[in-house]
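Taking it in order: structure first as structure tokens, then the write-up.
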């Protein structure tokens with residue numbers, strides 16, 4: 012999609028969207044448009060109404076778009092409005108349009124930022140995974156290809172949009188990874204795609220099963236031992252700080268490219284969605300791409316455990332006990348609680364080898380978090396209040412919301428095992444997402460750490476204002492905001 016920003020003017024032809032606040036709807040230069048609307052135009056937020064063009068213009072169509080009250084305008088609402096505009100224009104099969112934004116009084120956002128955030132929403136909502144459609148169907152899937160924002164602060168908007176587009180590239184990269192079928196995005200293919208980040212200056216290292224076996228990463232290896240696909244640990248390093256030796260931030264992701272549940276087999280219904288059980292790792296990869304593309308002045312390491320969880324004669328069994336890289340023993344009572352076993356070794360490896368300032372892991376970890384929060388919020392669990400607050404704040408600024416859950420000794424006891432140091436599920440039906448987090452906490456030592464359970468938000472069975480049905484790429488924008496706001500030079 013081509014997006015440009017021009018000085019304020021009404022085009023002489025084509026289609027024009029005019030953005031209107033409730034306060035400005037009665038202004039003299041707008042009444043002639045509003046009078047031609049087929050229904051009453053209130054300029055309420057998200058109201059989109061076509062109006063016939065006035066006689067003195069050769070416009071094909073004027074579309075009125077309500078901004079609501081000027082005082083209620085926020086970046087998040089403007090992104091949401093952009094998504095609504097994209098859907099509307101695409102339904103009308105419009106390929107090109109101009110968006111007119113006059114100066115707005117009584118708002119805390121500049122007109123340039125308003126335009127940039129609307130463009131952000133349009134861009135994010137325009138994502139479409141259509142690479143496996145035939146050419147004719149692909150042509151009809153996304154019509155909007157050219158946008159011209161017209162406003163006085165066009166230079167401001169254009170500057171803001173430069174970084175917005177970079178971030179969207181990272182989000183789209185994550186969405187592409189999540190959307191790929193498992194026969195395409197094998198563990199080997201995943202590694203190859205991560206290696207393409209080297210073109211941006213990211214150092215990529217890959218550990219195979221032999222290397223991980225030598226390191227004692229038996230928890231991660233146990234998950235993938237039933238598959239013909241080789242399990243991998245993929246390490247991505249971005250050293251953007253002037254001091255390359257400065258302790259990095261670490262982001263760790265669960266990358267189960269397909270999760271059958273293993274011997275603890277999942278029901279057949281909707282099992283196809285388990286190609287997306289690597290959404291946490293995709294967010295880490297997308298973040299690393301964004302940081303490199305915008306040359307972020309910070310040291311960051313991204314580590315993802317990439318495996319396939321399959322049943323076979325060689326698969327791990329319920330009741331198996333493994334020794335993790337940390338030396339702690341794990342009794343596997345349910346092979347479908349595999350993500351935490353992957354992360355256990357990935358977290359310990361990262362902590363020992365990089366001694367990071369902090370660690371944040373992301374995982375589509377538990378169905379329990381979806382029961383608690385549906386697909387609106389992701390769960391956050393942390394051993395550090397300051398880290399938790401920073402992440403929650405970043406989520407609020409990027410529409411990627413987090414809700415904090417408790418961790419405590421009583422919950423931790425629920426994963427004690429009589430046969431090993433711990434078991435990989437709780438000892439009852441309750442607190443499933445919490446006991447999973449307690450399990451992870453046993454592998455992070457005293458390092459400030461947060462776990463984001465994104466099982467409900469990484470991929471959704473419905474569209475939102477910022478993404479179509481399917482992969483949403485949750486976490487890329489949140490973590491980029493978190494890094495930029497608090498840790499860059």
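Numbering (the working numbering), first residue to last: 12 to 500.
Where is the CB? At the ideal position from N, CA and C, for every residue including glycine.
From the DSSP output, read off the bridge partner residues of residue 343. 331
Near residue 232, what residues of its chain come up, given a Cβ to Cβ distance below 7 angstroms and the 5 sequence neighbours on each side ignored? 220, 223, 224, 242
Between the C-alpha atoms of residue 281 and residue 287, what's the straight-line distance to the nearest angstrom? Each residue's alpha carbon lies about 11 angstroms from the other.
Determine the burial state of residue 161: buried for a count of at least 16 other Cβ atoms within 10 Å of its Cβ, exposed for fewer. Classification for residue 161: buried.
Step through the CB atoms of chain B and report whether any lies within less than 8 angstroms of the CB of residue 232. Of the protein chains in this structure there is only one, and it is not chain B.
What first and last residue would you give for the beta strand (DSSP E) that runs through residue 320? 310-320
Could you compute how far the alpha carbon of residue 277 sits from the alpha carbon of residue 369? 34 angstroms
What residues in its chain sit with their C-beta under 7 angstroms from that of residue 101, if we drop five residues either side in the sequence? 153, 154, 155
Taking only three categories from DSSP, how would you classify residue 26? strand
Is residue 239 helix, strand or coil when you go by DSSP? coil
Return the residue from the list 188, 254, 467 that minimises the CA-CA distance to residue 295. Selected option, being the one with the closest Cα: 188.
Figure out for me which residue from 349, 309, 338 has the closest Cα to the Cα of residue 326. 349
Looking at the unbroken alpha helix (DSSP H) that takes in residue 45, where does it start and where does it end? 39-45 is the span of the alpha helix (DSSP H), which, as asked, contains residue 45.
Residue 458 and residue 367 closer than 8 angstroms at C-beta: yes
Would you say residue 502 and residue 493 are within 8 angstroms of each other, going by their C-beta atoms? With the chain covering only 12 through 500, there is no way to say anything about residue 502.
Give me the DSSP bridge partner(s) of residue 31. 77
Reduced DSSP category for residue 9 - H, G, I as helix; E, B as strand; rest coil: Residue coverage of the chain in this structure runs from 12 to 500, which leaves residue 9 outside it and unanswerable.
Quick one: any contact between the segment 175-184 and the segment 295-305, if contact means 3 or more CB pairs under 8 angstroms? yes
Top-ranked residue by Cα proximity to residue 440, from 352, 382, 163: 382
Among all the DSSP beta bridges, which residues are the ones paired with residue 62? 73
Kindly list the residues whose CB is nearer than 8 angstroms to the CB of residue 18, restricted to its own chain and excluding five residues on each side of it in sequence; keep chain order. 161, 162, 163, 165
Which listed residue (275, 315, 361, 290) has its alpha carbon closest to that of residue 343: The option with the nearest alpha carbon to residue 343 is 275.
Assign residue 452 to one of two classes, buried (16 or more other C-beta atoms within 10 Å of its C-beta) or exposed (fewer than that). Burial call: buried.
From residue 253 to residue 307, what does the alpha carbon distance come to, in whole angstroms? 11 angstroms
Proximity below 8 angstroms, CB of residue 469 to CB of residue 340: No. Outside cutoff.
Under 8 angstroms, do residue 206 and residue 268 count as touching if we go by C-beta distance? no
Exposed or buried, which one is residue 137 when buried takes at least 16 other CB atoms within 10 Å? buried
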